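Asker: Note that the protein sequences, when read in sequence, are chains A and B.
Going by this note's numbering, the first residue of the first sequence is number 61, and it counts up by one from there.
Going by this note's numbering, the first residue of the second sequence is number 356, and it counts up by one from there.
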Amino acid sequence: MASPRPSAALTTALTRLRQELQAAPLRLDVPAVAKVRGSRNAMVSQLEDYILPRLVQIDAPLLAVVGGSTGAGKSTLVNSLVGRSVTAAGVLRPTTRSPVLVHNPADATWFGPDRILPELARTTSPSTDIGALHLVAVDTVPPGLAILDAPDVDSVETANRTLAAQLLAAADLWLFVTSAARYADQVPWEFLKAAAERSTAVAVVLDRTAPESVNEVRAHLARMLTSHGLRDSPLFTVPESAVSAEGLLDPQAVAPVRGWLQELSADATARAQIIAQTLDGAIRQVAFRTHEVADAVAEQQRVTASLRHDAASAYRRAEADLTEALGDGTVLRGEVLARWQEFVGAGGFARTMEHHVSRLRDRFVAAVRGRGQSAEDVSSAVGHGLHVLLLEHAESAAERAHRSWSSTEPGRSLLQESQGVLGRASRDFREKAERAVRDWQQQLLEVVREEGADKRATARFLAYGVNGLGVALMVVVFASTAGLTGSEVGIAGGTAVVGQKVLEAVFGDQAVRRLAAQARDDLVRRAHDLLQVEEERFVALLDAVGADEQSADRVRDAVRAVDDVRQAARAR
Amino acid sequence: MTGLVVGARRLLRRGDDLVLRVDALQEAVTSGRGRLDDAALNDAQETVDRAQERLRLSGAHTVVALAGATGSGKSSLFNKLTGLDLAAVGVRRPTTSWALACAWGPDDAADLLGWLGIPARHQVQRTSLLDTSTDDSRLAGLVLLDLPDHDSTEVSHHLEVDRLVKHADLLVWVLDPQKYADAAIHDRYLRPLATHSDVMLVVLNQADQLPAGTRGSTLADVRRLLSADGLHDVPVLATSARTGAGVDELRAAIAKRVRAKAAATARLALDVSATAQRLTELNGTAATSAPGKDRVAALDDALAEAAGVPVVVQAVRRSTATRRRRATGWPLIRWVGRLRKDPLADLHLGTADSTALVRSSLPPASKVQQARVDLAVRDLAEDASRGLDPSWARSVRTASSANSADLHDALDQAIVSTGIAVDRTPLWVRAFNAVQWLLVVVAVVGAGWLAALAGLAFLQVGAYQPPRVSGLALPTLLLVVAVVLGLAVAAAGRAVADRSAARAARRADVRLRGAIAAVADERVVQPLVAELTAYEHTRDALRVAGGR
Chain A
61 MASPRPSAAL TTALTRLRQE LQAAPLRLDV PAVAKVRGSR NAMVSQLEDY
111 ILPRLVQIDA PLLAVVGGST GAGKSTLVNS LVGRSVTAAG VLRPTTRSPV
161 LVHNPADATW FGPDRILPEL ARTTSPSTDI GALHLVAVDT VPPGLAILDA
211 PDVDSVETAN RTLAAQLLAA ADLWLFVTSA ARYADQVPWE FLKAAAERST
261 AVAVVLDRTA PESVNEVRAH LARMLTSHGL RDSPLFTVPE SAVSAEGLLD
311 PQAVAPVRGW LQELSADATA RAQIIAQTLD GAIRQVAFRT HEVADAVAEQ
361 QRVTASLRHD AASAYRRAEA DLTEALGDGT VLRGEVLARW QEFVGAGGFA
411 RTMEHHVSRL RDRFVAAVRG RGQSAEDVSS AVGHGLHVLL LEHAESAAER
461 AHRSWSSTEP GRSLLQESQG VLGRASRDFR EKAERAVRDW QQQLLEVVRE
511 EGADKRATAR FLAYGVNGLG VALMVVVFAS TAGLTGSEVG IAGGTAVVGQ
561 KVLEAVFGDQ AVRRLAAQAR DDLVRRAHDL LQVEEERFVA LLDAVGADEQ
611 SADRVRDAVR AVDDVRQAAR AR
Chain B
356 MTGLVVGARR LLRRGDDLVL RVDALQEAVT SGRGRLDDAA LNDAQETVDR
406 AQERLRLSGA HTVVALAGAT GSGKSSLFNK LTGLDLAAVG VRRPTTSWAL
456 ACAWGPDDAA DLLGWLGIPA RHQVQRTSLL DTSTDDSRLA GLVLLDLPDH
506 DSTEVSHHLE VDRLVKHADL LVWVLDPQKY ADAAIHDRYL RPLATHSDVM
556 LVVLNQADQL PAGTRGSTLA DVRRLLSADG LHDVPVLATS ARTGAGVDEL
606 RAAIAKRVRA KAAATARLAL DVSATAQRLT ELNGTAATSA PGKDRVAALD
656 DALAEAAGVP VVVQAVRRST ATRRRRATGW PLIRWVGRLR KDPLADLHLG
706 TADSTALVRS SLPPASKVQQ ARVDLAVRDL AEDASRGLDP SWARSVRTAS
756 SANSADLHDA LDQAIVSTGI AVDRTPLWVR AFNAVQWLLV VVAVVGAGWL
806 AALAGLAFLQ VGAYQPPRVS GLALPTLLLV VAVVLGLAVA AAGRAVADRS
856 AARAARRADV RLRGAIAAVA DERVVQPLVA ELTAYEHTRD ALRVAGGR
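Quick look at the structure:
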């Protein structure tokens, strides 16, 4: 049992725990996460509504919450206990109205808006606003005790059920009302089980029971209470009796309950003990259940990491494929090859080229001079090929990432949030890829121009021109005999030889190798940037989840601090 | 597809619609399998199985279930309706642990009760026990079930209720003044069964416990809650099993349904409709359109490029040109042309023994070409699945790329087996050839003549003067004219040969592209269309099953 004067340290630790719980990222729809989200919210509200206010004002009156099923007679019982009609009872179910808190006028200060249940607005007149707390000061309620009439726990009104759970979590003492028709219902028993688990003080009132069956039902109910760990809870019986014109039961019928409550209010020690028991149980329960939340957060971290990995591996694979395609000479085939050959000269030259490179070089020069336009043809053919490659790899990466995310529940729901456009490359990718290719070619020409700045005047440079040399450099960049087969080695490899020789003649051997490597790196980097932006669409969804590597540890640290303070308090 | 709908409509008008709708639902489940959510399909399959079983079993009986919360008085009502004290009644909750059945009438309901899973010891045959009264004959065919509760701490009871609520033909929900607004009954049963108001009755039991004067307002409140659940026109009766008030009305209401013998089929029809509705929401109702012509054309182009059609066409042009030039060229220098290799032979194409087993030596598709093909397939699939539910769009996409692994092989086979051989020599070539040889003969004659003259002159034998034509010796003329004409004909032949080669190339292009298009259709478009057809089939079957 905690010390009656809890240290400020406990309050601090619990405040921090509340913050961490509130911030715990649980957005991914992993299996069973809804349950954890629900219990996290319940814990946060319990900390705000009850534990923290109660810790600060440990001397506040004992709050007895009257809870139970719809139609079990809660309101009638409250009215009869108070001795006048403070809350409306009715035959129509469910009754929606503000919960009523009845207290002694002397205790009014304890129930201000900054105290217990801070979210509920205070009102002093009956209202149907379920977000308000109706305060009634009556001197028939003994000082040091307040009675709260909560809504039902099981009607079709979801708001009623949620509020009832919230109010019951804020109770120092539950006055649980049930009836002969109700006492074996599943829903109230769930609440009783939860109360037993966290050692909340519970008193059970068996209401609306025909006199002939009272004994049998009472015996059965007592057995059920014992088997659910509520052996020590007092069990009162209110026999079914006619109600007065004011809607009150015969005072005799409620005398035992009333007497018990009065005794409690008179005995400060007993009251403090009940408060301490419930409060300590609530803190223990929150601390215990925080581990579930921490585990769930760890699971979120794991799933986030695995989804991140799925997306990354789809895009890394596309990037690897793309880099390979850029390096193995396949870009040169087909249209590019045809344009290049047109550019260099006639189609059939490749076979004899090895032996007649110098002669071909002359033809190349002639071609450049004669048809300046074809340099553009080659470069646009290269550009087209690159564009198609970029586009397809972005598409296939998006499809692959989308597919692997779709195979898991959390991935599927994340994708749904993004309205299902992630299965394809982004809408403006076509344009961006085009621009990237254009920029690369521009950059390449720029480099050739700069490199040739001091060679501007040389006859050779003039002969080929910046465009011609640029095209030759493009061809050299993509040429590599790796991955080519049969006659193609001759064609593509040989093709590049022409370009290589021409470039070497202008810039020198070293420079050509450097330029080609530079241009290639530039292209690979641009492709990487493009795909990175594409991948970012997936990553952004994960970032919004907010589960970083320390999330679970922060929650665990916070709960450990609470446990340490409690341990220290107990040791004292 | 639409034929199914038309046929179904015709049959529907004949009235025997339920069997047909169940079959349609079965078809939808079968064709949606693998595409739609498995859990939903399993549910639907369960509905189909249940409907088929129920239709097979006695149509003369109507299964009426009394369902409700613990303590609402189901068992008391059961006892009142049967006139027997069969069901245990008590204050200890929950009271009823097993479903209890009572059957009225002479017909044996054993099979039906077996299907419902009610053991023999919990069955009673009403007429076997008591002599027939008017009440009993009015209720002949009724199988009344007293269900366990759905809201007590005994979870096994809930499962039994869930099962039997699905099987009953008519559901009588027993409420009481304390519990009529419980979430347990509204959220778990009444709201999900909102479509089933035709096969439901709601009874507010224990009406005697209501304070005088509040009965009307309580019943109105019950109706309000039922309306909120979506059950707007379900009949609501007030009864009291204790005083017997309202029990006769309930019996009459049940008897009316039993005599109509329509509750069983009505219930099943509602089940099938609701299931079809749920599946339709998953499946979508969007109309489909055939894959766009321009998309298919783009695919054909990309495939043709990837398969190397331009390379082959180029080779055909060159090969044809070479052969024609050779055939029409000046015979004496034809051997020079033979030194060149035939570009078609280089590709292992165009020879007479080309069979489907031979692979061409065409270069494999480059990554760029492959990328173009993939993009075209992707665009085609997206175009075709526009407006479809994501699950169907996914399966259309999968179908479109299912054959992509062996696509290249298929393309190669298409190229190889397309006859593009240029062996047949056209008539004009023969004519050119004949003329060329004729000119050679003339030239040889001229040359021979000149040689003979030279020989005679060398041997100093006579002084034979060859005839002269406009001042030129005839043999000289023959030789010169033949050679000049030969070269001229060769030049003309060359021009015609080039034109003919271009024509042959165009022909080859058309034929090759035709073959490629056939492959595209078979490997990409047809699987995709088949998937669209499956979607349409599911959609139409669901429309029939939904009774629309």
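No residue lacks a Cβ here, since even glycine has one placed at the ideal position from N, Cα and C.
Because the structure is a prediction, the values reported are computed rather than measured.
Counting along the chain, where does the alpha helix (DSSP H) carrying I770/B start and finish?
Answerer: Within the second sequence, residue 770/B is the residue found at index 415, counting from 1. From DSSP, the alpha helix (DSSP H) with I770/B extends over 762–772.
Asker: Candidates A73/A, P470/A, Y375/A, M103/A: which alpha carbon is nearest Q82/A's?
Answerer: What you label residue 82/A is simply residue 22 of the first sequence in a count that begins at 1. Ranking the options by Cα distance to Q82/A, first place goes to M103/A.
Asker: Helix, strand or coil, according to DSSP, for T888/B in the structure here?
Answerer: Here residue 888/B refers to the residue found at position 533 of the second sequence. Three-state DSSP puts T888/B in a helix.
Asker: Which residue marks the beginning of the beta strand (DSSP E) containing A458/B, and which one marks its end?
Answerer: Stepping through the second sequence from its first residue, residue 458/B is reached at position 103. First-last of the beta strand (DSSP E) with A458/B: 455–458.
Asker: Would the beta-carbon of V723/B fall within 8 Å of that of G445/A?
Answerer: Taking the first residue of the second sequence as 1, we reach residue 723/B at position 368. Taking the first residue of the first sequence as 1, we reach residue 445/A at position 385. Contact: yes.
Asker: Does the contact criterion of 3 or more C-beta pairs under 8 Å hold for the stretch 94–101 of chain A versus the stretch 305–317 of chain A?
Answerer: Segments in contact, no.
Asker: Strictly under 8 Å for the Cβ-Cβ distance: is S552/B near chain A by that measure?
Answerer: The residue labelled residue 552/B in the question sits at position 197 within the second sequence. S552/B does not count as touching chain A.
Asker: According to DSSP, is W234/A helix, strand or coil?
Answerer: The residue given as residue 234/A occupies position 174 in the first sequence. Reduced to three states, the DSSP call for W234/A is strand.
Asker: If the cut-off is 7 Å on Cβ atoms, which residues from the stretch 247–270 of chain A count as contacting chain B, listed in chain order?
Answerer: Here the close residues are V247, W249.
Asker: Given a cut-off of 8 Å, decide if A896/B and S386/B are closer than it, judged by their beta-carbon atoms.
Answerer: As a working note, residue 386/B is residue 31 in the second sequence. As a working note, residue 896/B is residue 541 in the second sequence. It is a contact, given that the beta carbons lie within the stated cut-off.
Asker: Give the straight-line distance between the Cα atoms of L451/A and G471/A, rounded to the nearest whole angstrom.
Answerer: Locating residue 451/A in the first sequence gives position 391, counting from the first residue. Locating residue 471/A in the first sequence gives position 411, counting from the first residue. One C-alpha to the other measures close to 24 Å.
Asker: Name the DSSP beta bridge partners of S301/A, please?
Answerer: Looking up residue 301/A in the first sequence gives position 241. In the DSSP output, where bridge partners are listed per residue, S301/A has none listed.
Asker: In whole angstroms, what is the alpha-carbon distance linking E548/A and A726/B?
Answerer: For the purposes of this step, residue 548/A is identified with residue 488 of the first sequence, where counting begins at 1. For the purposes of this step, residue 726/B is identified with residue 371 of the second sequence, where counting begins at 1. In this prediction, E548/A scores a pLDDT of 47, lower than 50, which makes its location untrustworthy; the coordinate-derived value is nonetheless stated afterwards. Near 20 Å, if we compare the C-alpha coordinates of A726/B and E548/A.
Asker: Mind checking if S418/A is an interface residue toward chain B, Cβ cutoff 8 Å exclusive?
Answerer: Taking the first sequence and counting its residues from 1, the one referred to as residue 418/A is at position 358. The predicted position of S418/A is uncertain, since its pLDDT is 48 and thus under 50; no value can be drawn from it.
Asker: Quick check on the burial criterion: 16 or more other C-beta atoms within 10 angstroms. Buried or exposed for A206/A?
Answerer: On the first sequence, position 146 is the one that residue 206/A refers to. A206/A comes out buried.
Asker: Are the stretch 134–146 of chain A and the stretch 198–205 of chain A touching by the rule of at least three beta carbon pairs closer than 8 Å?
Answerer: Yes, the stretch 134–146 of chain A touches the stretch 198–205 of chain A.
Asker: Give a yes or no on whether the minimum CB-CB distance between E452/A and chain B is below 8 Å.
Answerer: If you number the first sequence from 1, residue 452/A lands on position 392. Yes, E452/A counts as interfacial toward chain B.
Asker: Let me know if W400/A comes out buried or exposed under the rule of 16 or more other beta-carbons within 10 Å of its beta-carbon.
Answerer: Sequence index remark: in the first sequence, residue 400/A carries index 340 (1-based). Buried, because 16 or more other Cβ atoms sit within 10 Å of the Cβ of W400/A.
Asker: Is there a C-beta anywhere in chain A that falls below 8 Å from the one on Y535/B?
Answerer: Counting from 1 along the second sequence, the entry for residue 535/B is found at position 180. Chain A, which has a Cβ nearer than 8 Å to the Cβ of Y535/B, makes this yes.
Asker: Give the list of continuous alpha helix (DSSP H) stretches no shorter than 4 residues that lie fully inside the stretch 645–681 of chain B.
Answerer: Here the runs fully enclosed are 648–662.
Asker: How about S607/A and T364/A: are their beta carbons less than 8 Å apart?
Answerer: Within the first sequence, numbered from 1, the residue matching residue 607/A stands at position 547. Within the first sequence, numbered from 1, the residue matching residue 364/A stands at position 304. Note that residue 607/A is Ala in the sequence shown, not Ser. Cβ atoms of A607/A and T364/A: closer than 8 Å.
Asker: My output table needs one value for T269/A: the three-state DSSP class, helix, strand or coil.
Answerer: For the purposes of this step, residue 269/A is taken as residue 209 along the first sequence, with counting starting at 1. DSSP places T269/A in strand when its eight states are reduced to three.
Asker: Closer than 8 Å between beta carbons: that is the criterion. Which residues of the stretch 426–442 of chain B meet it against chain D?
Answerer: The chain labelled as chain D is not found among the protein chains of the depicted structure, namely A and B.
Asker: Got a sec, what are the start and stop residues for the alpha helix (DSSP H) T183/A sits in?
Answerer: Along the first sequence, one-based indexing puts residue 183/A at 123. Counting along the chain, T183/A falls outside any alpha helix (DSSP H), though it belongs to the beta strand (DSSP E) covering 181–183.
Asker: If the cut is a Cβ gap below 9 Å, which residues of chain A does L565/B touch?
Answerer: As a working mapping, residue 565/B is identified with position 210 in the second sequence. The contacting residues are V151.
Asker: Along the chain, where does the beta strand (DSSP E) containing V602/B start, and where does it finish?
Answerer: Taking the second sequence and counting its residues from 1, the one referred to as residue 602/B is at position 247. No beta strand (DSSP E) contains V602/B, which is instead part of the alpha helix (DSSP H) from 602–615.
Asker: Around the C-beta of S755/B, are 16 or more other C-beta atoms found within 10 angstroms, so that it is buried, or is it exposed?
Answerer: Working through the second sequence from its first residue, we reach residue 755/B at position 400. Buried.
Asker: Looking at the unbroken beta strand (DSSP E) that takes in P159/A, where does it start and where does it end?
Answerer: Taking the first sequence and counting its residues from 1, the one referred to as residue 159/A is at position 99. Per DSSP, P159/A belongs to no beta strand (DSSP E) and is neither H nor E.
Asker: Got a sec: is the Cβ-Cβ distance from A856/B to anything in chain A below 8 Å?
Answerer: Against the second sequence, residue 856/B aligns to sequence position 501. No - not a single Cβ of chain A is within 8 Å of the one on A856/B.
Asker: At the level of alpha carbons, what is the spacing between D744/B and R752/B?
Answerer: In the second sequence, residue 744/B corresponds to position 389, counting from 1. In the second sequence, residue 752/B corresponds to position 397, counting from 1. If I take the Cα positions, the gap works out to 12 Å.
Asker: What separation, rounded to the nearest whole angstrom, lies between the Cα atoms of R460/A and V691/B?
Answerer: Locating residue 460/A in the first sequence gives position 400, counting from the first residue. Locating residue 691/B in the second sequence gives position 336, counting from the first residue. Computed Cα separation, rounded: 57 Å.
Asker: Where does Q480/B fall in DSSP's three states?
Answerer: Within the second sequence, residue 480/B is the residue found at index 125, counting from 1. Strand, per DSSP.
Asker: Where does P566/B fall in DSSP's three states?
Answerer: Here residue 566/B refers to the residue found at position 211 when the second sequence is read from its first residue. If DSSP states are grouped into helix, strand and coil, P566/B belongs with coil.
Asker: Output needed in chain order: residues of the stretch 516–534 of chain B with a Cβ under 8 Å from some Cβ in chain A.
Answerer: Answer in chain order: D531, P532, Q533, K534.
Asker: Let me know if G341/A comes out buried or exposed under the rule of 16 or more other beta-carbons within 10 Å of its beta-carbon.
Answerer: If you number the first sequence from 1, residue 341/A lands on position 281. Answer is buried; the Cβ neighbour count reaches 16.
Asker: From D588/B to Q533/B, what distance separates their C-alpha atoms?
Answerer: As a working mapping, residue 588/B is identified with position 233 in the second sequence. As a working mapping, residue 533/B is identified with position 178 in the second sequence. Cα to Cα, D588/B sits roughly 23 Å from Q533/B.
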